[in-house]
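Numbered according to my numbering, the sequence shown spans residues 15 to 170.
Backbone N, C-alpha and C fix where the C-beta goes; we use that ideal spot for every residue, glycine too.
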Amino acid sequence: MTTHRQSRCIHCQVKYRYQASGPIPPGGGRSNWGHFCDTCSDAISEALSAIPRRFENSWEKVKSWSVQDCLDHEAKLLEEAKAKAKEEGRPFLPIHRVASPLFDLQDSSNHNRTNYVKMPDGLTYLYSYWTKEGPEKGSVRVEMEKNLETGEMRPW
Ligand SMILES: [Zn+2]
15 MTTHRQSRCI HCQVKYRYQA SGPIPPGGGR SNWGHFCDTC SDAISEALSA
65 IPRRFENSWE KVKSWSVQDC LDHEAKLLEE AKAKAKEEGR PFLPIHRVAS
115 PLFDLQDSSN HNRTNYVKMP DGLTYLYSYW TKEGPEKGSV RVEMEKNLET
165 GEMRPW
């Protein structure tokens with residue numbers, strides 16, 4: 015399925031065709047930016063190519079929290095949010111960042127449980143485990159930034 019729309023470049027104001035599902039051919043063709051025409055997006059890309067990347071992000075495994083710590087804290091936060099909604103007389107609607115689980119294509123009864131949870135240290139962690147292995151065999155990761163000049167790692 016292709017999805018395209020007529021757009022107007024926010025810089026030069028020319029009308030251009032924006033392909034929301036990605037450039038055709040996929041991965042090729044023009045830059046296909048949502049706010050800039052091909053001419054302006056090429057100029058921006060060329061200007062930015064002179065600026066080296068300074069940081070990169072990665073999800074690093076941690077041992078400071080276990081999957082069970084994350085599950086317990088997540089349940090506590092959920093109960094607190096439910097109690098607060100009840101206290102304020104409004105319906106409870108859980109809203110949180112969604113994490114994509116993996117799928118076991120050989121055993122459909124084995125489910126991957128994964129979610130983001132903000133822990134008491136103020137950082138957001140991503141836990142993941144397979145139901146057949148249990149939380150004790152799962153992993154907990156935190157998003158980190160690596161300074162590409164110094165190699166220093168710190169929370170994203
Ligand atoms: Zn333009």
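Extent of the continuous alpha helix (DSSP H) to which residue i belongs
i, result
"Leu62", "52 to 62"
"Gln82", "81 to 101"
Same chain, Cβ closer than 7 Å to residue i, five either side skipped, listed in chain order
i, result
"Pro149", "Val81, Gln82, Leu85, Tyr143"
"Tyr30", "Ser21, Cys23, Cys51, Asp52"
Contacting residues, own chain, Cβ-Cβ under 8 Å from residue i (five flanking each side not counted)
i, result
"Arg67", "Leu162"
"Cys26", "Cys51, Thr53, Cys54"
"Ser59", "Ser45"
"Gly48", "Ser21, Tyr32, Ala34"
Closer than 7 Å: residue i CB and nearest ligand 3 heavy atom
i, result
"His49", "Questions concerning ligand 3 fall outside what the structure shown contains, since the ligands it does hold are ligand 1."
Cβ-heavy atom distance, residue i to ligand 1, below 7 Å
i, result
"His110", "no"
"His87", "no"
"Val28", "yes"
Host beta strand (DSSP E) of residue i (start-end)
i, result
"Leu140", "138 to 144"
"Val156", "153 to 161"
"Asn126", "126 to 132"
Integer Cβ distance of residue i from residue j, believed to fall under 8 Å
i, j, result
"Asn129", "Glu88", "7 Å"
"Leu92", "Ala113", "Leu92 to Ala113, Cβ: 15 Å. No contact."
"Trp73", "Glu157", "6 Å"
Residues of its chain near residue i, where Cβ-Cβ distance is below 6 Å and the 5 sequence neighbours each way are ignored
i, result
"Thr138", "Tyr130, Lys132"
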